[in-house]
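Participant: Got a structure for you, questions after.
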Amino acid sequence: MRANEEAAAALQEYAELFALCGGDAFRVRSYQKAAKAIAGFPEDISVVDVRSVPGVGEAIAKKMEEFLRRGSFRQLDDLRGRVPEGVRRLTRVPTLGPKTAIMLFEDFGIDSTEALGEAIASGRLDGVKGLGPKTLANLVKGIEQLEQSGRRVHIGAAMSLAEQVMASLPAERIAYAGSLRRMKDTIGDIDILAVAPESIMADFRAQPYVAEVIAAGAKKTSIRTTSGIQVDLRVVPAGSWGAAMQYFTGSKEHNVAIREMAVKKGWKLSEYGLFEGDRVIAAASEEDIYDALGMRYVPPPMREDGGEVQAALRGELPVLVEPGDLKGDLHTHTDLTDGIASLADMVAAGHALGYAYYAVTDHAPDLAMQRMTLDKALEQRGQVAELQRKYPDMRILHGTELNIAPDGSVDWPGEILAAFDVCVASVHSHFGMSRDEMTRRFIAACENPYVDIIGHPTTRKIGKRPAVDADWDAVFRAAARTGTAMEIDSFPDRSDLPSDLVRLARHHGVKFSIDSDSHAIPHLRNQRFGVGIAQRAWLTTDDVINTWPLDRLLAFLGR
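Each residue of the sequence shown is one higher than the one before, counting from 3 in the numbering used here.
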């Protein structure tokens, strides 16, 4: 829901500016928590009382009501005026904190990432207190990461926008193509195809999400949205729909291979169809085009010129895992730790999705900010038992998300872990360890007999935190040897494991769990993004443990 997302973004910005101005840390956290709650609230706050959102009190509610009326609120406007834009630009560097940003701006006049990079390269910042060689090296990495991510957005943001655009336009047929359809974890711009009258272009340009019209024409219009993402809309003939979808889905390398096959037959393939001279061989559907070329249909996530063309010609493409194959979710949170919704509400939402099983895996105590204790975990276990009677057709698994310490140990001893139904173990700190140290850390976790799944293994946050450095071949060999699954965390800003590492892990015989890592009810539907990663890595249901029947899953978990 756009109103929720936009209001949450404004409140998150307010929290960041409030922190930059030296605001009370408790209030900063309360604003951040409320922003997360609004973003994850299942109802549209523009049509319900925002006070019904957990964690939103009267003061925040008034700010949000003003935002819904005019697109901002007074306190946010005030802080935007107080904090120089140069400082705000600097704080977007993932490894740069607010105090350092203010110091760089006030003492050195540095007001952009470009100026910061030049200052580091020229040696201007050498010897500055608090900016040692390692810190400066991390700042350089942070700048590089910001520049790379600045040109792309994660799949969740792109999908939300694409769905909004398609819902806003009158068309006989409309769909997204490009890298979004191939389910890449980051997207440069969004390609949308439509069968519609040319008047759709005027409708498109008039939409409230349009900030700039880059180019306008009868068949193609490109705009930049208020969120900075470019969207290209093309009108295509109904009879060429399949050819256009095939062409504009890509990838470029896949299309080159397909066109070369057509040329060898004396044919021509374009966005208008597959032709022999003037005769149309196939155009209406993608399936017709692949069939005419003697191939099996290639699902869009596989179209990366990674062997799929040859496999399709041999009739050996795997039957990929689909969203409907998932029988449960093995990594979710509640408001007992950092989730937004209650245990009862999260379980009810899982049941509404038709799951055969659903795991509750709140954080273990070593993630100190979550204030978990063994007593709280045991109390929650009793609540799970009560809920199980309410949902006899869905097995509720009481689990935990453990913290992998630098030495590879986890929060609780074996006698406590043995009583959980499922144990996910994740790295939540000490991300800068050396390659060898991090590798040993993961291997030790895999060798813990009570650890079932390694959660969000690379720990990356797209645009915010790079992946940790590890010898993934060694880690995956250990996971395969110990029967430890690797998670495909479906949260869009994680998308972790990424598809290249999923392929590598599969090569070593590792199994996977496609999880939502939900902290709110709407997050449960993020699993479709994890399925996209799995499809890009050619996974089948045999590779994914939460597509298995309950008895097979429990056997894998050793329960």
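Idealized CB from N, CA, C, for every residue including glycine.
Looking at the strands, I want to know which residues DSSP matches up with Thr402.
Facilitator: In DSSP, Thr402 forms a bridge with Asp364, Cys425.
Participant: To test your reading of the DSSP string, which unbroken beta strand (DSSP E) runs of 3 or more residues are found completely within the stretch 468 to 498?
Facilitator: Those beta strand (DSSP E) runs which fall completely within the stretch 468 to 498 and span 3+ residues are 487 to 491.
Participant: Please return the same chain residues whose Cβ sits closer than 6 Å to the Cβ of Met304, not counting the five positions on each side in sequence.
Facilitator: Closer than 6 Å at the Cβ level, and outside the excluded window around Met304, lie Glu310.
Participant: What residue range does the alpha helix (DSSP H) around Gly119 cover?
Facilitator: 115 to 124 is the span of the alpha helix (DSSP H), which, as asked, contains Gly119.
Participant: Measuring alpha carbon to alpha carbon, tell me which residue in Glu18, Arg4, Ser32, Leu404 is nearest Ile342.
Facilitator: Among Glu18, Arg4, Ser32, Leu404, the Cα nearest to that of Ile342 belongs to Ser32.
Participant: Taking DSSP as the reference, what is the three-state secondary structure of Gly384?
Facilitator: Gly384: helix per DSSP, three-state reduction.
Participant: Indicate the three-state DSSP secondary structure (helix, strand or coil) for Arg437 in the structure shown.
Facilitator: Residue state, collapsed to three classes: helix.
Participant: Report the rounded CA-to-CA distance for Ala204 versus Tyr274, giving the unit in angstroms.
Facilitator: Ala204 and Tyr274: Cα-Cα distance of roughly 24 Å.
Participant: Determine the DSSP secondary structure at Lys222, reduced to helix, strand or coil.
Facilitator: In the structure shown, Lys222 sits in a strand (DSSP, three-state: E or B).
Participant: What first and last residue would you give for the alpha helix (DSSP H) that runs through Glu310?
Facilitator: Segment 310 to 316, the alpha helix (DSSP H) holding Glu310.
Participant: Apart from the five residues on each side of it in sequence, which residues of its chain come closer than 6 Å, Cβ to Cβ, to Ala361?
Facilitator: So the qualifying residues of the chain are Leu332, Leu399, Gly401, Val424.
Participant: Report, in whole angstroms, the separation of the C-beta atoms of Ala407 and Thr441, which I expect to be a contact under 8 Å.
Facilitator: Ala407 to Thr441, Cβ: 15 Å. No contact.
Participant: In three-state terms, what does DSSP make of Glu278?
Facilitator: The answer is strand: DSSP assigns Glu278 an E or B state.
Participant: Anyone know if the C-beta pair for Lys550 and Pro320 falls short of 9 Å?
Facilitator: Before going further, note that residue 550 is Trp rather than Lys in the sequence given. For Trp550 and Pro320, no; Cβs fall outside 9 Å.
Participant: Go ahead and label Lys221 buried or exposed: buried means 16 or more other beta carbons lie within 10 angstroms of its beta carbon, across all protein chains shown.
Facilitator: It is exposed - the Cβ of Lys221 has fewer than 16 other Cβ atoms within 10 Å.
Participant: May I have a chain-ordered list of the alpha helix (DSSP H) segments no shorter than 4 residues that lie completely inside the stretch 40 to 122?
Facilitator: Runs of the alpha helix (DSSP H) inside the stretch 40 to 122: 60 to 72, 76 to 84, 87 to 92, 100 to 110.
Participant: Under 7 Å Cβ to Cβ from Ala351, same chain only, skipping five residues before and after it: list those, please.
Facilitator: Once the five neighbours on either side are set aside, the close Cβ partners of Ala351 are Ile523, Leu526.
Participant: Do Asp517 and Thr251 have their CB atoms nearer than 9 Å?
Facilitator: It is not a contact, given that the beta carbons lie outside the stated cut-off.
Participant: Just verifying my parser: in three-state terms, what is the DSSP assignment at Thr336?
Facilitator: The answer is coil: DSSP assigns Thr336 none of H, G, I, E or B.
Participant: Go ahead and pull the three-state DSSP assignment for Ala343.
Facilitator: The answer is coil: DSSP assigns Ala343 none of H, G, I, E or B.
Participant: When the Cα of Asp368 is compared with those of Ala63, Met396, Ala427, which residue comes out closest?
Facilitator: Looking at the Cα atoms, Ala427 is the closest of the given residues.
Participant: Per the contact definition of three or more C-beta pairs closer than 8 Å, is the stretch 241 to 255 in contact with the stretch 278 to 287?
Facilitator: Contact between the stretch 278 to 287 and the stretch 241 to 255 is present, because at least three Cβ pairs lie under 8 Å.
Participant: Taking only the alpha-carbon atoms, compute the straight-line gap between Tyr359 and Met66 and give it to the nearest angstrom.
Facilitator: Distance between the alpha carbons of Tyr359 and Met66: 37 Å.
Participant: Given a threshold of 16 other Cβ atoms within 10 Å of its Cβ, counted over all protein chains shown, does Arg184 qualify as buried or as exposed?
Facilitator: Buried, since its Cβ has 16 or more Cβ neighbours within 10 Å.
Participant: Within the same chain, show all residues whose beta-carbon is closer than 8 Å to that of Val55, passing over the 5 residues directly before and after it, in chain order.
Facilitator: For Val55, where only same-chain residues beyond five positions count, the Cβ hits under 8 Å are Ala36, Ala39, Ile40, Phe43, Ile47.
Participant: Specify, as a first and last residue, the run of the alpha helix (DSSP H) that Ser515 falls within.
Facilitator: No alpha helix (DSSP H) holds Ser515; the beta strand (DSSP E) holding it covers 514 to 517.
Participant: Give me the Cα-Cα distance between Ser520 and Lys266, rounded to the nearest whole angstrom.
Facilitator: In a straight line, the C-alpha of Ser520 is about 49 Å away from that of Lys266.
Participant: DSSP has Gln232 in a bridge; who is on the other side?
Facilitator: DSSP, once it has assigned bridges, lists Arg226 as partnering Gln232.
Participant: Can you round the beta-carbon distance between Pro135 and Phe107 to whole angstroms, since I take them to be within the 8 Å contact cut?
Facilitator: About 22 Å; that fails the 8 Å criterion.
Participant: Pull the bridge partners of Arg587 from the DSSP assignment, please.
Facilitator: A question about residue 587 goes unanswered here, because the residues of the chain that appear run from 3 up to 561.
Participant: Taking a contact to mean a Cβ-Cβ separation below 9 Å, would you say Thr336 touches Asp377 in this structure?
Facilitator: No; because the gap between Cβ atoms is not below 9 Å, this pair is not in contact.
Participant: Under the rule that 16 or more other beta-carbon atoms within 10 Å means buried, what is Arg508, buried or exposed?
Facilitator: Buried: at least 16 other Cβ atoms inside 10 Å.
Participant: Since Val233 and Ile291 should fall inside the 8 Å C-beta cutoff, what is the C-beta to C-beta distance between them, to a whole number of angstroms?
Facilitator: In fact, because the Cβ distance is near 26 Å, the residues do not count as touching under 8 Å.
Participant: Could you check where the alpha helix (DSSP H) with Ile260 kicks off and where it finishes?
Facilitator: Its alpha helix (DSSP H) spans residues 254 to 266.
Participant: Are the CB atoms of Ile464 and Thr188 within a distance shorter than 9 Å?
Facilitator: For Thr188 and Ile464, yes; Cβs fall inside 9 Å.
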